[in-house]
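Peer 1: Okay, handing you the structure first.
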Amino acid sequence: MTILSELANSLSQGAVQVVDLTHTLDPDFPVIILPPEFGQCARFRMEEISAYDHRGPAWKWNNISMCEHTGTHFDAPSHWISGRDVRNGAVDEIDPAMLVGPVVVIDCSEGAAQNDDFELTPEIILAWEEEHGRIPADSWVLMRTDWSKRSGDAYLNMKEDGPHSPGPTPDAIRLLVEDRDIRGFGTETVGTDAGQGAHYTPPYPAHFTLHGAGKYGLQCLRNLDHLPPTGAMLIAPPLKIRNGTGSPLRVLALVQG
36 MTILSELANS LSQGAVQVVD LTHTLDPDFP VIILPPEFGQ CARFRMEEIS AYDHRGPAWK
96 WNNISMCEHT GTHFDAPSHW ISGRDVRNGA VDEIDPAMLV GPVVVIDCSE GAAQNDDFEL
156 TPEIILAWEE EHGRIPADSW VLMRTDWSKR SGDAYLNMKE DGPHSPGPTP DAIRLLVEDR
216 DIRGFGTETV GTDAGQGAHY TPPYPAHFTL HGAGKYGLQC LRNLDHLPPT GAMLIAPPLK
276 IRNGTGSPLR VLALVQG
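By my numbering, the letter at position 218 of the sequence shown is numbered 253, and the numbering carries on one by one without gaps.
Printed below as a string of structure tokens:
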């Protein structure tokens, strides 16, 4: 059998399972809220065109609109100022081979349950590697916090001083990008940065460091508690939008049963 036929057989027999890491797009799903002086990300909207009626007797379809960065979504390098000159930095320019690859999951759920502003630090990453081995180069790294089990106001967790949610420290994201050469970083929160990420140096260090290095981001993931620390494969192709800075997408993981 070929490698692909073995994979197909493993999928049909249930030896490899497909885990959906994606939230459902609907008008109520929260989007990031920026200070009012900035432009805002649009929520998902759907307008019915016809539904087997006088507008179209044999078909049903809808018009949809949203920001590129609504729902479970992909960040391309061109999304951030540090990545604006990165070659092949828009979603339509990314090598398709980069959209399928190995993934590791760092479980921060216990800390995030106790502290809304929980930080992924280099010490946590190194402790994870002591148990599971060095993070392989060109891997996706996902920060599990179980934040995706929240909904509504609790998901954004807005306070008087802005949103509060977990994320990586500047040193942690530099370790992953500069020393481990990861492919991208993903979270269960509305952004790859902590809710209070504007107060780090540099501000929003995950965005700044990842995209300046030509790396990718994934946000609003779910079901990370269904993935093992190592060994899964991530499938994360964004829509092929010309000059797109990001895209909603359906993120899947292949997990050996």
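The beta carbon of each residue, even a glycine, is placed where N, CA and C say it ideally should be.
1. Report all residues from its chain with a CB closer than 7 Å to the CB of L256; omit the five preceding and five following residues, and keep chain order.
2. Report yes if the CB atom of P203 is closer than 9 Å to the CB atom of T236, and no otherwise.
3. Among G232, M193 and S200, which one has its Cα closest to the Cα of A147?
4. Which residues in the same chain as R215 place their Cβ atom closer than 6 Å to its Cβ, once the five residues preceding and following it in sequence are excluded?
5. Work out the CA separation of M193 and S45 for me, nearest whole Å.
6. With a cut-off of 8 Å, do at least 3 Cβ pairs link the stretch 240-257 to the stretch 107-120?
7. Name the two residues that bound the continuous alpha helix (DSSP H) containing A93.
8. Just list the beta strand (DSSP E) runs in the stretch 196-226, keeping only unbroken ones of 3 residues or longer that don't cross its boundaries, in chain order.
9. Leaving out the 5 sequence neighbours to the left and right, which residues in its chain are closer than 6 Å to I141 when beta-carbon positions are compared?
10. Looking at the structure shown, is A3 part of a helix, part of a strand, or coil, going by DSSP?
11. Are the Cβ atoms of D206 and P157 separated by less than 9 Å?
12. Once the 5 residues before and after D151 are set aside, which same chain residues still bring their CB inside 8 Å of it?
13. Over the uninterrupted alpha helix (DSSP H) stretch that includes D88, give me the two end residues.
Peer 2: If we stick to the structure as given:
1. Closer than 7 Å at Cβ, skipping near neighbours: L56, T107, L177, S183, G221, T222, E223 and V286.
2. Cβ distance not < 9 Å, so P203 and T236 don't count as in contact.
3. S200
4. I170
5. Between S45 and M193, the C-alpha separation is close to 44 Å.
6. yes
7. Premise fails: A93 lies in the beta strand (DSSP E), G91 to S100, not in any alpha helix (DSSP H).
8. 219-222
9. W163 and M178
10. Any question about residue 3 goes unanswered here, given that the chain covers just 36 to 292.
11. yes
12. Result list for D151: N192, H199, S200, P201 and G230, in chain order.
13. Run containing D88: none in the alpha helix (DSSP H); it sits in the beta strand (DSSP E), R80 to D88.
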